[in-house]
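Under full-length UniProt numbering, the sequence shown has 49 at position 49, and the numbering climbs by one with no breaks.
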Amino acid sequence: MAHADAQRGDALVHQVCTNCHAVNDGASDGVGPNLSGVVGRPIAGLSGYSYSQALKAQHGHIWSDQALSDWLTAPARFAPGTRMSLVGLPDAAQRADIIAYLRTLGESDVPAPPASPGVTP
Numbered sequence: 001m002a003h004a005d006a007q008r009g010d011a012l013v014h015q016v017c018t019n020c021h022a023v024n025d026g027a028s029d030g031v032g033p034n035l036s037g038v039v040g041r042p043i044a045g046l047s048g049y050s051y052s053q054a055l056k057a058q059h060g061h062i063w064s065d066q067a068l069s070d071w072l073t074a075p076a077r078f079a080p081g082t083r084m085s086l087v088g089l090p091d092a093a094q095r096a097d098i099i100a101y102l103r104t105l106g107e108s109d110v111p112a113p114p115a116s117p118g119v120t121p
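This is the structure we're talking about:
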């Protein structure tokens with residue numbers, strides 16, 4: 001994620017994600033769960049949101065940078081049977097930018113990965 005840009009990620013999230021997801025601390029869930037604090041959160045772990053069985057099957061896993069990248073690449077491949085309507089984002093730079101932005105939202109106990117030139121999730 002060395003070249004990831006949270007500002008570009010902000011624009012992408014507001015273009016691609018906020019029709020279904022809230023991004024502000026304390027905001028109500030939309031069609032999808034609130035993304036504030038998602039980095040480092042257990043998958044299907046936001047209290048009060050009704051997750052699909054596909055995501056509940058990921059119990060015990062965490063939304064790490066890699067898991068988020070895999071999810072954003074192809075949600076239906078990551079969690080077959082998911083209700084997420086996004087087909088996927090094939091562009092690794094866009095995914096890295098989105099993840100960089102998601103890291104700015106809420107609390108995360110997961111440290112950012114070390115910068116590696118030319119490496120993106």
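Heads up, the beta-carbon is just placed ideally off N, CA and C, and yes, glycines get one too.
Across the structure, Pro90 and Leu72 are spaced so that their CA atoms are roughly 8 Å apart.
For Pro90, no alpha helix (DSSP H) segment is defined, and its DSSP state is neither H nor E.
Pairing Gln94 with Gly9, the inter-Cα distance amounts to about 7 Å. When DSSP assignments are scanned along the stretch 22-91, the uninterrupted stretches of alpha helix (DSSP H) that are 4 or more residues long and fall wholly within it turn out to be 53-56, 65-73, 75-78.
The C-alpha of Arg77 lies about 12 Å from the C-alpha of Ser85. In this structure, Ala54 sits near Thr82, with a CB-CB distance shorter than 9 Å. Here DSSP, grouped into helix, strand and coil, assigns Gly9 to helix. A contact is defined here as three or more CB-CB pairs under 8 Å, and the stretch 33-45 meets this definition with respect to the stretch 17-24. Around the beta carbon of Pro80, fewer than 16 other beta carbons sit within 10 angstroms, so the residue counts as exposed.
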